[in-house]
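In the UniProt record's numbering, the protein residues as written are 1 to 117.
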C-alpha cells in the first residue's frame, strides 16, 4: 500500500481505544498497551510514551480518573478508570465511527461498481 494513503496520524484513535479498553473495568498502563492493538488502528505495538501522554491529557480533561494501587508484589501501579464524561465522549466517538464506516462502505461499493472486475 502506498505511504501516500492511510489513516493519517498514528495516534488518531488512541483516545477512543483507551476509553473502550477501560469500559471493561479499571486497568493500568501496561494492560492498556495490550488492549490498544486489538482495535487495529496502529501498525505494530503502541509506544508506551504515547499511551501515558494520552492518559495524562484525558485525566486533565476529566475523561479518566486514576489512583495508585500498591497491593500485591512489586511497585505501586497507577490504575485508570473511565468517568461518566469519558463514557459520553466514547459514545460520541462510536457515533462518529459508525457514520465514517457507512461513508467508507458506500465509497467502496461505488468504486466496485465503477471498475470492471
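We put the CB at the ideal spot given by N, CA and C, even for glycine. Keep in mind the model is a prediction, meaning the values are calculated, not measured.
When we look at the beta-carbon of residue i and count the other beta-carbons within 10 Å, is it buried (16 or more) or exposed?
i	result
residue 76	exposed
Pull up the distance between the alpha-carbon of residue i and that of residue j, whole angstroms please.
i	j	result
residue 78	residue 105	40 Å
residue 44	residue 21	17 Å
residue 32	residue 72	19 Å
residue 92	residue 34	24 Å
residue 118	residue 108	Outside the displayed span of the chain (1 to 117) sits residue 118, for which this structure offers no information.
Quick one: what does DSSP say residue i is sitting in, helix, strand or coil?
i	result
residue 84	helix
residue 56	helix
residue 77	strand
residue 117	coil
According to the Cβ coordinates, are residue i and residue j closer than 8 Å?
i	j	result
residue 26	residue 80	yes
residue 52	residue 86	no
residue 66	residue 59	yes
residue 83	residue 49	no
Do the segment 11 to 24 and the segment 48 to 64 touch if we need at least three Cβ pairs shorter than 8 Å? yes
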